[in-house]
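Only one structure is covered here, and it is reproduced in the block below.
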Amino acid sequence: MSNRESEPPSFPPYSYVPGGRWPHPTSSPLGHLHGRRPERPPAIEGDAWPESNAYLRGVELFNAGYYWEAHEAWEALWHAHGRQGAIATVLKGLIKLAAAGVKIREGRASGARTHARRAAEHFAEVASSDGPHQLGLDLREWIRHAESVAVQPPDDRGPPDSAVHRVFLFRIRPVFSP
30 MSNRESEPPS FPPYSYVPGG RWPHPTSSPL GHLHGRRPER PPAIEGDAWP ESNAYLRGVE
90 LFNAGYYWEA HEAWEALWHA HGRQGAIATV LKGLIKLAAA GVKIREGRAS GARTHARRAA
150 EHFAEVASSD GPHQLGLDLR EWIRHAESVA VQPPDDRGPP DSAVHRVFLF RIRPVFSP
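Take a look at the structure:
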């Protein structure tokens, strides 16, 4: 098991939404990640996802409504996998679903639909070729979540001045597959 269980999650002061009131996390001198070197996490080997701080951090961020930040955490891990293979494709699906969350916060339902549809396609690709259980997720469930967002994105941007706002009712809860 990971040491992360004993550590309370810490979150940035805001979740970035393009065009919103908060500064870009990396490019603005006021951003919460400005001046930090991007993390270069190691690839996940086999079923060792519980030991991947980058994967679990993305899960924490996503579940708390930090969609842009979750996207960034998973994108670094996607690159660590060379953007290829089953794990990379599932990560790409999660990245797309996080991007859908950002689009919802922006009030751009069309963009949310597109990203959610692509997420479902990535999950389905892996489920059909490598099995439905990857990274502690039942991909059949995540296909349904993504498809539901693609059909009808939540109409809940949150209060205009909110630093963070969860738009999805579902949460990511990875577990070891049976």
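Numbers in the numbering used here are just positions in the sequence shown, counted from 1, shifted up by 29.
For each residue, glycine too, the CB sits at the ideal point set by N, CA and C.
Every value quoted in this text rests on a predicted model; they were computed, and no experiment measured them.
| Asked | Found |
| --- | --- |
| Other residues of its chain near residue 131: CB distance less than 6 angstroms, five sequence neighbours each side excluded | 96, 97 |
| Pair within 8 angstroms by beta-carbon distance, residue 178 and residue 129 | yes |
| Residue 123 (DSSP reduced to helix, strand or coil) | helix |
| Own chain, CB closer than 7 angstroms to residue 7, minus 5 neighbours either side, in chain order | With the chain running from 30 to 207 in the structure shown, residue 7 is simply not present. |
| Cβ-based neighbour list, residue 92, same chain, cut-off 7 angstroms, excluding 5 preceding and 5 following | 200, 201 |
| Cβ-Cβ separation, residue 68 to residue 105 (assumed contact under 8 angstroms), whole Å | 5 angstroms |
| Burial state of residue 163, where buried means 16 or more other Cβ atoms lie within 10 Å | buried |
| Straight-line Cα distance separating residue 86 from residue 156 | 23 angstroms |
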